[in-house]
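Residues 138 to 625 (the numbering used here) are what the sequence shown spells out, left to right.
Backbone N, C-alpha and C fix where the C-beta goes; we use that ideal spot for every residue, glycine too.
For reference, the structure discussed in these notes is given below.
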Amino acid sequence: MILIVDDKPENIYSLKKLLEAKDFPVDTALSGEEALKKVLRHDYALIILDVQMPGIDGFEVAETLSGFSKTKDIPIIFLSAVNTDKKFITKGYASGGIDYVTKPVDPDILILKVKTFYRLYEQTMALNETQRVLRSEIETRKQAQAELKERVDYLHLILESLPQIAFTANHDGKIDFVNNKWFRYSHHSTIFPQTAPDDKSIQDAWLLAMMTNSALEMEVRIKEIDADSFRSHLLRVIPIKEQSKLSRWVGTFTDIEDRKQVEKKKDEFLSIASHELKTPLTSIKAYTQLLGRTIVDVQEHPANKYIDKVQVQVSKLNSLITDLLDISKIENGKLKMNVKPFNFEELLSSVIDTICHTHDKCPRIDRVGDLLDLVVLGDEIRIEQVIINYLTNAIKYAPNSERVIIKTSNDSANIKVEVQDFGIGIPVHKQTNIFNKFYRVEESSVKFQGLGIGLYICSEIIRQHHGTFGLESEVGKGSTFYFTIPLN
Ligand code: ADP
């Protein structure tokens with residue numbers, strides 16, 4: 138909008154008509170005082186200011202406006218009939234005006250000037266707005282950078298206080314921070330500690346992790362710069378994402394040498410103990426059988442009952458020791474499969490028979506799904522062991538249930554066996570560990586006896602058959618354990 142300031146209404150009238158004819162919005166003021174009030178309240182793109190006015194004259198108005206930040210950029214055209222002298226024109230410019238037009242006004246010239254100033258003002262305003270946006274953008278970025286730096290500093294402080302070797306890398310994998318401990322293993326902050334000659338390369342593994350944007354976890358043997366021997370470490374590198382975009386990597390090397398040594402000793406002990414237990418147990422078994430045969434003629438002899446009980450306990454002990462021996466075989470890579478073709482349906486029927494005979498309180502075992510009357514290539518005894526383990530657990534962990542379901546199915550590539558019970562179930566967060574060595578669900582471990590190794594052995598057997606295994610379970614409703622075996 139353009140503001141015309143003149144004390145003579147007739148002057149205002151003619152100027153207003155002229156500008157409105159050219160589609161300029163116009164406002165008017167009849168004195169300097171009124172003009173100042175209006176300028177503070179509204180936004181104007183141009184002021185056409187008469188110099189000679191009673192009260193505050195045009196120069197004073199212009200001077201006042203140049204002192205306010207809101208109005209200092211509004212262009213002013215002075216109009217004057219009298220003060221055409223050069224010194225008045227100079228005063229007009231000095232007081233903040235941009236142009237000076239003497240009366241009588243040439244309408245074409247005035248319109249040209251108005252148009253130019255109007256455009257200039259609009260451009261100035263647009264420029265100011267751009268500047269303002271830019272300034273606030275810079276401010277926001279500065280603030281974000283400061284916050285980021287604070288967070289990174291905090292992360293470094295934490296990594297520095299860890300007992301592990303720790304490092305961070307930027308999004309494209311360049312190491313940008315290492316803690317002090319790093320330098321006990323590597324001379325340079327960008328070079329990984331040296332690994333044992335026959336260990337996998339950290340660099341290769343990490344390149345792969347970066348390509349797939351996934352966490353890296355591997356065991357490596359590294360050594361301190363001056364040490365003679367390597368120690369096992371667990372290297373973990375995890376990607377940190379911000380707004381679902383990878384921003385950095387954080388990695389640690391944790392010394393697990395002592396833990397590994399203890400585990401090795403424990404495995405050795407288990408292996409020796411189970412071997413040593415096996416021999417006397419075999420003798421006990423043989424002598425009990427002999428004893429049974431010696432008094433077999435006296436059918437009603439009360440000793441027969443006790444001998445049966447001893448035999449049940451001996452066979453329990455025997456299967457425990459066999460499991461422990463299996464564990465040490467797995468540890469030493471000696472659990473070998475004796476692979477031969479066998480009929481799966483026949484195996485399943487015999488397992489169901491065995492289970493019913495060896496359990497006093499055997500639930501109903503419902504067989505559903507496809508009949509697997511086909512030949513499978515595998516270790517029959519080991520696969521039997523898996524099904525027996527699944528079924529034994531289904532009975533053990535469902536003491537009040539009277540039903541177990543075995544569902545079988547096959548497609549052209551695999552056979553699948555599922556054992557479903559209606560027992561205590563397993564909490565979701567514990568399900569991922571169920572097939573781990575010595576893992577037992579705390580809630581059930583008090584009430585039910587066991588070592589937590591059966592499922593671990595099952596998983597190894599299935600793995601060696603290139604099959605898959607898993608479970609679905611809900612607390613209080615029951616569990617379904619399954620495994621698949623490829624047909625080829
Ligand atoms: P064990 O039964 O000797 O403890 P397993 O390796 O067979 O060892 O099983 C590991 C753990 O998994 C068990 O201790 C138990 O907590 C849980 N588990 C296995 N099968 C079932 C099941 N059918 N229902 C509920 N929990 C089960």
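Which one of the options has the shortest CA to CA distance from residue i?
{"i": "Leu592", "options": "Gln331, Leu257 and Thr605", "result": "Thr605"}
{"i": "Asn526", "options": "Leu472, Lys446, Cys595 and Lys466", "result": "Cys595"}
{"i": "Glu555", "options": "Gln568, Val541 and Asp243", "result": "Val541"}
{"i": "Pro623", "options": "Val513, Thr617 and Glu580", "result": "Val513"}
{"i": "Ser366", "options": "Pro162, Thr332, Ile375 and Pro241", "result": "Thr332"}
{"i": "Ala182", "options": "Ser351, Leu271, Lys378 and Pro162", "result": "Pro162"}
{"i": "Glu517", "options": "Phe585, Ile598 and Thr529", "result": "Ile598"}
{"i": "Lys477", "options": "Tyr534, Thr419, His602 and Lys453", "result": "His602"}
{"i": "Phe481", "options": "Lys466, Thr621 and Gly195", "result": "Thr621"}
{"i": "Thr459", "options": "Glu259, Gln522 and Ala342", "result": "Gln522"}
{"i": "Asn307", "options": "Ser581, Ala535, Pro300 and Val289", "result": "Val289"}
{"i": "Thr201", "options": "Ala172, Phe585 and Ser610", "result": "Ala172"}
Within the 8 angstroms Cβ cut-off, does residue i reach chain D?
{"i": "Ser420", "result": "The structure shown contains no chain D; it holds only a single protein chain."}
Roughly how many angstroms lie between the CA atoms of residue i and residue j, to the nearest whole one?
{"i": "Ile213", "j": "Ser381", "result": "54 angstroms"}
{"i": "Ile409", "j": "Phe314", "result": "47 angstroms"}
{"i": "Asn551", "j": "Lys473", "result": "22 angstroms"}
{"i": "Lys544", "j": "Leu485", "result": "11 angstroms"}
{"i": "Glu129", "j": "Tyr576", "result": "Examination of residue 129 is not possible in this model, given that the chain is present from 138 through 625 alone."}
{"i": "Pro241", "j": "Ala218", "result": "7 angstroms"}
{"i": "Ile375", "j": "Asp558", "result": "39 angstroms"}
{"i": "Glu413", "j": "Ser456", "result": "15 angstroms"}
{"i": "Trp319", "j": "Glu354", "result": "18 angstroms"}
{"i": "Leu156", "j": "Tyr255", "result": "12 angstroms"}
{"i": "Ala158", "j": "Lys252", "result": "13 angstroms"}
{"i": "Ser273", "j": "Gln282", "result": "14 angstroms"}
{"i": "Asp395", "j": "Leu299", "result": "18 angstroms"}
{"i": "Glu197", "j": "His179", "result": "19 angstroms"}
{"i": "Gly204", "j": "Tyr258", "result": "18 angstroms"}
{"i": "Leu292", "j": "Gln301", "result": "14 angstroms"}
{"i": "Gly615", "j": "Glu539", "result": "12 angstroms"}
{"i": "Lys584", "j": "Gln568", "result": "19 angstroms"}
CB residue i to CB residue j, shorter than 8 angstroms?
{"i": "Val578", "j": "Ile590", "result": "no"}
{"i": "Ala303", "j": "Leu294", "result": "no"}
{"i": "Met347", "j": "Gly388", "result": "no"}
{"i": "Ile339", "j": "Ser369", "result": "no"}
{"i": "Asp507", "j": "Asn547", "result": "yes"}
{"i": "Leu152", "j": "Lys175", "result": "no"}
{"i": "Pro146", "j": "Leu167", "result": "yes"}
{"i": "Leu418", "j": "Phe390", "result": "no"}
{"i": "Phe215", "j": "Leu247", "result": "no"}
{"i": "Thr261", "j": "Asp210", "result": "yes"}
{"i": "Val451", "j": "Thr491", "result": "no"}
{"i": "Tyr322", "j": "Glu287", "result": "no"}
{"i": "Ile561", "j": "Ala535", "result": "yes"}
{"i": "Ser411", "j": "Leu454", "result": "no"}
When burial is assigned at 16 or more other CB atoms within 10 Å of the CB, is residue i buried or exposed?
{"i": "Thr632", "result": "Outside the modelled stretch of the chain, which goes from 138 to 625, sits residue 632, for which no answer is possible."}
{"i": "Ser351", "result": "exposed"}
{"i": "Phe406", "result": "exposed"}
{"i": "Ser142", "result": "Strictly speaking, residue 142 in this sequence is Val, with Ser absent from that position. Buried, since its Cβ has 16 or more Cβ neighbours within 10 Å."}
{"i": "Leu528", "result": "buried"}
Say the cut is 7 angstroms; is the CB of residue i nearer than that to a heavy atom of the ligand SAM?
{"i": "Asn455", "result": "Ligands in the displayed structure: the ligand ADP; the ligand SAM is not one of them."}
Inset, instruction - Just list the alpha helix (DSSP H) runs in the region 431 to 509, keeping only unbroken ones of 4 residues or longer that don't cross its boundaries, in chain order. - result: Scanning the region 431 to 509 from its first residue to its last, the whole alpha helix (DSSP H) runs of 4-plus residues come out as 440 to 468 and 481 to 495.
Inset, instruction - Quick one: which unbroken alpha helix (DSSP H) runs of 4-plus residues sit fully inside the region 353 to 392? Chain order, please. - result: Listed in chain order, nothing qualifies, since the region 353 to 392 has no complete alpha helix (DSSP H) run of 4 or more residues.
Inset, instruction - Ignoring anything shorter than 3 residues or poking outside the region 172 to 258, list the beta strand (DSSP E) runs there in chain order. - result: Runs found: 183 to 187, 213 to 217 and 236 to 239.
Legend entry - Completely contained alpha helix (DSSP H) runs for the region 510 to 549, where each covers 4 or more residues: The region 510 to 549 contains these whole alpha helix (DSSP H) runs: 517 to 533.
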